[in-house]
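Here's the structure, in structure tokens; my notes come after.
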Amino acid sequence: PNHAYTFAYGDAILHQIERDHLTNEMIARVTFSNYPYAGDRESRCDETFDFVFPGLHFDAPRNEFVARTRHQVRIPIAALHPNFPYAGYKLEPNAKIFLAKRSGRVTAVLNATPQPRDGGRWVQIDDNWSLQNLLALG
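Heads up: the sequence shown at position 26 corresponds to 33 in the numbering used here, and the numbers run straight through without jumps.
Next comes the structure, spelled out in structure tokens:
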């Protein structure tokens with residue numbers, strides 16, 4: 008897993024998949040913001056971090072990232088979509104990226120299965136004392 012440190016009560020506002028053209032590694036670029044609590048006393052600030060997933064294979068002819076199981080079953084992770092409002096990589100239905108936050112420390116975890124799954128591809132998980140959870144309880 009990859010780690011970053013950002014706002015304890017911030018939120019992920021933007022995410023995208025990129026390819027490092029020198030190493031062909033998959034990069035999850037995520038922007039976090041303090042917008043949930045920015046205001047007169049604290050101005051809004053956005054921070055962007057790159058989380059690298061070096062264990063994946065880049066299939067150049069298909070322009071996609073893939074993983075393999077122990078039995079060499081191919082699992083598509085992300086593929087280039089030229090008409091995806093702009094050309095960019097998009098996570099496939101087999102993959103999810105979890106952004107687990109605990110007191111400002113973010114861990115990015117890629118989870119993939121041979122079978123496609125429903126639900127969001129990007130999942131943000133906050134610890135129990137996050138501002139979003141406190142507001143939801145109130």
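Using N, Cα and C, we set each Cβ at its ideal position, and we do this for glycine too.
Proximity below 7 Å, CB of residue i to CB of residue j
i   : j   : result
I24 : A85 : yes
D57 : R75 : no
L98 : N70 : no
Y42 : Y16 : no
F39 : E49 : no
P89 : V73 : no
DSSP beta-bridge partners of residue i
i    : result
R75  : R81
H22  : V37
D66  : E71
L117 : I104
Reduced DSSP category for residue i - H, G, I as helix; E, B as strand; rest coil
i    : result
T55  : strand
Q131 : strand
H10  : strand
A94  : strand
L29  : coil
P61  : coil
Buried versus exposed, by CB contacts within 10 Å (16 or more), residue i
i    : result
L21  : exposed
R26  : buried
I104 : buried
A143 : Annotation note: pLDDT 43 at A143 (below 50); position unreliable, coordinate value reported separately. Exposed is the call here.
D125 : exposed
A94  : exposed
D47  : exposed
Residue i: CB within 6 Å of a non-hydrogen atom of the ligand HEM
i   : result
P92 : In terms of ligand content, the structure shown is empty, and the ligand HEM therefore cannot be addressed.
Are the stretch 109-123 and the stretch 9-26 touching by the rule of at least three beta carbon pairs closer than 8 Å?
-> Touching, yes.
Assess, as a yes-or-no matter, whether the stretch 15-32 is touched by the stretch 57-71 under the definition of 3 or more beta carbon pairs within less than 8 Å.
-> Enough Cβ pairs lie closer than 8 Å, so yes.
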